[in-house]
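Chains as they are written, first to last, in the numbering used here: chain P, 10 to 105; chain X, 5 to 117; chain U, 477 to 811.
Note that CB positions come from ideal geometry on N, CA and C, so glycine has one too.
Quick notes on the structure that follows.
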Amino acid sequence: MPADIVTLVLCGAGLVFFFAGTAGIIRFPDTLTRLHALTKADNVGLGLLITGLAFQAPDWQSVGKLVLIWAMALIAAGTTAQLVARSALQQQDTSQ
Amino acid sequence: MSAWFLAFATLLLLSLAGALWRIWRGPEPADRMMAAQLVGTGGVGVVLLLAAASDWQMLDVALVLALLAAFAAIAFVKAQSVDGSGDPEEDPVSPAAGTDPTTIQPGRAPDAR
Amino acid sequence: MIDGTASDIAATGFDLVLAAMILGAGLFAVTVRDLFGAVVFFIVYGVFVALAWLRLGALDVALTEAALGAGLTGVLLIGAVARLGRRTGTQGTDALSRRSAFSVRSVSQIATMLVSAAVSVALGWAFLSLSDSDGLRAGVAANLDASGVSNPVTAVLINFRGWDTLLESIVLLAALIGLWSLWRDDDWGRRPGLRQHARADGVLAMFGRLLPPFGLLFGVYMVWVGSSLPGGAFQGGTVLAAVWLLMMMAGLMPPPMVTSARIRAVLIAGPLVFLSVGIIGAFAGGFLGLPPAYAKPLILMIEAALTLSIAATLALLVLGPPGGPAMPSGPGDAP
């Protein structure tokens with residue numbers, strides 16, 4: 010089935026981005042670069058995963074939920090990345 | 005297909021071990037917090053794959069995880085602020101400044117790109 | 477599942493990895509030498525345990541674990557570590573490592589470990605010696621039609637074993653009263669929690685305005701769907717509590733006055749409605765027995781009242797006693 014192949018390819022690609030995020034959080038040298046790596050790579054990975062799984066969804070309700078999940082994850086990631094980064098910057102400022 | 009989804013879910017779960025290592029290692033609290041964030045996002049991904057493999061009703065669990073994903077991080081930045089209840093985007097010197105909407109610190113504008 | 481054996485192997489592999497991650501997160505949470513690190517491991521542990529409940533087919537429990545373990549409890553514990561650091565004047569890390577130098581502490585730690593290990597072994601033995609029975613599943617399924625709902629978990633929680641749920645909701649209330657009784661006398665009349673504030677045009681305040689509509693919708697959906705699908709008052713109430721806390725943390729609204737009659741009415745609404753329905757039922761047949769003809773509307777009424785009470789109780793538990801120096805004006809009086 011073509012839909013299955015699209016799902017597998019997109020999910021596989023999503024997984025690659027998740028692994029990139031994990032590699033970033035392990036390998037990158039300081040707090041801010043690590044933060045940058047994982048908030049971006051992870052949410053692209055999740056988006057690809059969701060796009061792939063949408064082809065398997067049994068009804069439109071589930072597709073709607075999938076889209077809502079990604080929207081929530083993006084909003085949460087954008088907010089926390091900004092706040093945690095600024096908090097980390099302030100901690101650096103005060104410790105110097 | 006469900007075998008594929010479960011295999012993907014297993015790989016995704018394994019990748020979260022890297023986040024566990026980072027939480028253990030630190031060194032900054034922010035590193036630990038963001039690694040937890042990674043587990044949250046990865047966890048949403050795993051739930052989605054499990055839902056595709058077995059029961060689509062599980063999407064609600066992913067929705068709860070995504071909805072509450074930011075709460076721990078917000079509590080964390082609050083705890084890190086000067087008086088424990090502020091916002092890192094406020095003027096760091098006087099914690100009460102945030103209640104005044106006109107106070108904007110130069111160079112710390114949140115929308116500066 | 478069409479491809480039987482392949483997905484069985486994949487499922488076993490997934491379960492083994494998940495079990496390893498749960499054990500790892502739990503072990504790290506108790507061994508890491510940094511208090512904040514331990515809290516983060518606990519949050520991560522909550523995510524993994526929610527996944528485990530999903531694999532066991534317990535969606536209702538997974539929802540609760542995701543909302544409480546990975547959500548609200550994390551907020552509570554992070555706030556607690558921060559309070560601890562401010563009170564002792566040190567970072568949590570130093571306090572922990574300094575105190576663990578005392579030998580009394582290490583002896584008590586070893587004793588705790590031994591007791592925990594003994595409990596684990598006893599539980600494992602009890603589990604393995606269980607007979608292969610389906611428990612009460614068949615009985616619940618046979619009587620599901622009379623319960624008024626089609627989600628067996630909700631049927632057991634509110635109808636068949638209403639006693640347990642009623643007492644649980646009262647326990648939650650008792651915990652809050654216990655917390656209130658620990659307040660300093662001169663704090664009474666102040667708003668609970670720290671004096672929250674945030675930059676009015678900042679990211680946090682924007683998030684606090686953006687998320688609540690979705691959160692409220694989802695909380696209500698969770699309660700409504702609970703009669704036929706996984707969900708219910710606890711899950712919905714936890715989501716609503718989180719939304720309320722977010723609005724307070726973003727400085728958009730002040731915490732409630734615990735002396736106000738309105739908030740106290742919300743706190744007792746759930747147990748009160750539950751108890752009244754139970755007492756009325758006592759005249760009609762049996763205490764907490766719901767007549768099948770009215771069971772569905774009664775269950776929905778109880779769940780709705782319980783949701784509000786649980787949401788308010790959890791939020792006030794997380795807020796905790798007033799912190800910092802006494803402020804003459806109420807905290808967070810910004811619009």
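Helix, strand or coil at residue i according to DSSP, with G and I counted as helix
| i | result |
| --- | --- |
| U/Trp659 | coil |
| U/Thr735 | coil |
| U/Ala571 | Any answer about U/Ala571 is weak, because its pLDDT of 47 lies below 50 and its placement is not dependable; what the coordinates show is given next. If DSSP states are grouped into helix, strand and coil, U/Ala571 belongs with the helices. |
| U/Met589 | helix |
| U/Pro818 | Outside the shown range of chain U, which is 477 to 811, sits residue 818 of chain U, and nothing can be said about it. |
| U/Leu728 | coil |
| X/Asp91 | coil |
| X/Gly44 | helix |
| P/Ala66 | coil |
| X/Met5 | coil |
| U/His673 | coil |
| X/Glu32 | coil |
| U/Thr566 | At U/Thr566, the pLDDT of 48 sits below 50, so the modelled position is not reliable and the matter cannot be decided from this model. |
| U/Ser582 | helix |
| U/Pro747 | helix |
| U/Leu553 | helix |
| U/Asp491 | helix |
C-beta neighbour in chain X for residue i, strict 8 Å
| i | result |
| --- | --- |
| P/Ala22 | no |
| U/Phe512 | yes |
| P/Pro67 | yes |
| U/Ile554 | yes |
| U/Gln585 | no |
| P/Leu19 | no |
| U/Ser483 | yes |
| P/Gly30 | yes |
| U/Leu648 | no |
| U/Met723 | no |
| P/Gly56 | no |
| P/Phe27 | yes |
Identity of the residues DSSP links to residue i by a beta bridge
| i | result |
| --- | --- |
| U/Trp664 | U/Arg666 |
Cutoff 8 Å: residue i Cβ touching any chain U Cβ
| i | result |
| --- | --- |
| P/Thr88 | yes |
| P/Ile35 | no |
| P/Leu92 | yes |
| P/Met81 | yes |
| X/Leu63 | no |
| P/Ala14 | Reading off the sequence, residue 14 of chain P comes out as Ile, not Ala. Cβ-Cβ to chain U under 8 Å: no for P/Ile14. |
| P/Ile84 | yes |
First and last residue of the uninterrupted alpha helix (DSSP H) at residue i
| i | result |
| --- | --- |
| U/Leu532 | Note, U/Leu532: premise wrong, no alpha helix (DSSP H); not H, not E. |
| U/Val625 | Element bounds for U/Val625: n/a, residue is neither H nor E. |
| U/Tyr697 | Val679 to Val701 |
| U/Ile634 | Neither: U/Ile634 is in no alpha helix (DSSP H) and is coded neither H nor E. |
| U/Glu508 | In the sequence on display, residue 508 of chain U carries Val and not Glu. Unbroken run through U/Val508: none, as it is neither H nor E. |
| P/Phe28 | Pro11 to Arg36 |
| X/Leu1 | Since the first residue of chain X shown is 5 and the last is 117, residue 1 of chain X is not available in this structure. |
| X/Ala83 | Phe75 to Gln84 |
Minimum Cβ-Cβ distance from residue i to chain B less than 8 Å
| i | result |
| --- | --- |
| P/Gln101 | Among the protein chains of the structure shown, namely P, X and U, there is no chain B. |
Cutoff 8 Å: residue i Cβ touching any chain P Cβ
| i | result |
| --- | --- |
| U/Phe683 | yes |
| X/Thr45 | yes |
| X/Leu24 | no |
| X/Leu10 | no |
| U/Phe690 | yes |
Buried or exposed by the 16-neighbour rule on C-beta atoms within 10 Å, applied to residue i
| i | result |
| --- | --- |
| P/Gln70 | exposed |
| U/Met589 | exposed |
| U/Ser657 | exposed |
| U/Gly568 | Note that U/Gly568 scores a pLDDT of 46, beneath 50, so its modelled location is shaky and nothing firm can be said. |
| U/Ala769 | exposed |
| X/Ala40 | buried |
| U/Thr735 | exposed |
| U/Phe759 | exposed |
| P/Ala97 | buried |
| U/Arg660 | exposed |
| P/Thr42 | exposed |
| U/Ser483 | buried |
| U/Ala614 | exposed |
| U/Trp664 | exposed |
| U/Leu647 | Note on identity: in this sequence residue 647 of chain U is Val, with Leu being the wrong assignment. Exposed, since its Cβ has fewer than 16 Cβ neighbours within 10 Å. |
| X/Pro31 | exposed |
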